[in-house]
Amino acid sequence: MTPLIEIKGVTKRFPIGGVLSGRDVRAVDDATFAIGTGGPEIFTIIGESGSGKTTLARMILGLERPTSGEILFQGAPVTHRNRGERLAFMAKVQPVFQNPFEAFNPLKRVDRYLESTARQFLGLRDQPAVDAAMDAALQKVGLSLAELRGRFPHELSGGQLQRVAIARALIPNPLLLIADEPVSMVDASLRMAIVNLLRKLRDEMGVSVVYITHDLATAYYISDRLIIMQRGRIVEMGPARAILEAPEHPYSRLLKASVLSTEQAGDVTLTVTNDFDSAAAISPEGRLVARPDGRMVRVGSD
Ligand SMILES: Nc1ncnc2c1ncn2[C@@H]1O[C@H](COP(=O)(O)OP(=O)(O)OP(=O)(O)O)[C@@H](O)[C@H]1O
Ligand SMILES: [Mg+2]
């Protein structure tokens, strides 16, 4: 089966201190993996702040170009030579962002967003067809057009608005959602509703999800496979539960330990920061080595 997305040796560098300084940061460093190889899946990207998760997501969405390496969608390079190609790709790979209140203009009614998406991607013109498409998408996320019509973003809770954002993303019938920390701004009590929704999209609608998070608990709960990133590099990759139950790379272990210590003790911020640094010192480079159980772990140094 052709994977949905293939990332082949992808590196993204950003110049720092001005283009002329000649310095750069490797936001993503030689990433190689595939998403949706054996059917729909929830593919999770975990890593500390600044480890390159969003940069990777933006490259998959075609919002950033890799400095080197290649990204394939259903076996073909993503080119976007013209608006038609761009739209066709966007219909299949849709984003869901972290803060729904930033994703929506506060002065624009939320149903207007759904409406323009339905018109743009589905080519619908007559109002009953547009309404039906909007309502169908909202029903998938447990809402309805009747309850949302005419409402402004601030009239909805963060959890409701994030579900509207997901409904909007579902209108073109995508194959893949790229959800960059979709629950971190949502009230804890509503988080599971969104997380369960992502699972339902996979199981009932065959939509794959790239789920970017800092939250190991929800990652454990919904992910099929995951990668752990540290400073732009993938340090561990494979079946989610196996990795989270027994992480092997020193950085992954520290990540897990820091979560446990948050539960057990109060003030861990300092410890965690120091630990991240020592993890980097333990294994700053190295290469990914395959284990018999399908896991890949970065070991040694080049
Ligand atoms: N447009 C840009 N210009 C310059 N540097 C950038 C740019 N975007 C990202 N970076 C840098 O690339 C690195 C990776 O950033 P990225 O936003 O991908 O991290 P992240 O893992 O998503 O972090 P967070 O968890 O905080 O969202 C960081 O060092 C960041 O400062
Ligand atoms: Mg980010």
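The C-terminal position of the sequence shown is numbered 1696 in my numbering, with every residue numbered one higher than the one before it. Ideal placement from N, C-alpha and C gives every residue a C-beta, glycine not left out.
Contact between the stretch 1586-1594 and the stretch 1624-1633: three or more CB pairs below 8 Å?
no
Does the separation of the CB atoms of ALA1531 and ILE1565 fall below 8 Å?
yes
Using a Cβ-Cβ cutoff of less than 8 Å, which residues in the same chain neighbour SER1683 once the five nearest sequence positions on both sides are dropped?
Correcting the residue identity first, residue 1683 is Val in this sequence and not Ser. The residues are MET1690, VAL1691, ARG1692, VAL1693.
Three-state secondary structure assigned by DSSP to PRO1576
coil
Over the uninterrupted alpha helix (DSSP H) stretch that includes MET1453, give me the two end residues.
1447-1454
When we look at the beta-carbon of PHE1408 and count the other beta-carbons within 10 Å, is it buried (16 or more) or exposed?
exposed
If we ignore side chains and look at the alpha-carbon of each, how far apart do VAL1697 and ILE1436 end up?
What the structure shows of the chain is the stretch from 1395 to 1696, and residue 1697 is not part of that stretch, so it cannot be assessed.
Shortest alpha-carbon distance to GLU1598 belongs to which of ARG1452, ALA1559, PRO1434, LEU1649?
PRO1434
Evaluate LEU1414 with the Cβ neighbour count: other Cβ atoms within 10 Å of its Cβ, from every protein chain shown; 16 or more gives buried, anything less gives exposed.
exposed
Which residues, in chain order, sit with a beta-carbon under 7 Å away from any heavy atom of ligand 2?
LYS1447, THR1448, ASP1574, GLU1575, ILE1606
Counted within 10 angstroms of its Cβ, other Cβ atoms place SER1617 as buried (16 or more) or exposed:
buried
On the CB-based measure, 16 or more other CB atoms within 10 Å of its CB, does GLU1657 come out buried or exposed?
Legend: pLDDT at GLU1657 = 48, less than 50; position of this residue unreliable, value from coordinates given subsequently. The residue is exposed, with fewer than 16 neighbouring Cβ atoms inside 10 Å.
Counterpart residues of PHE1427 in DSSP-defined beta bridges
ILE1401
By alpha-carbon positions, which one of THR1607, ARG1420, ALA1451, VAL1504 ends up nearest to ILE1560?
VAL1504
By the three-class DSSP mapping on this structure, what secondary structure does ASP1418 have?
strand
Own chain partners of THR1448 with C-beta closer than 8 Å, once the 5 adjacent residues on each side are dropped
ASP1574, ILE1606
Neighbour-count burial assignment, PRO1460, 16 or more Cβ in a 10 Å radius
buried
If you draw a straight line from the alpha carbon of ALA1482 to that of SER1652, how long is it in whole angstroms?
42 Å
According to DSSP, MET1623 sits in a beta bridge with which residue or residues?
GLY1441, ILE1628
In the DSSP assignment, what residue or residues form a beta bridge with PRO1633?
ARG1619
Residue ranges of each beta strand (DSSP E) run of no fewer than 3 residues wholly in the stretch 1474-1558, ordered along the chain?
1487-1490
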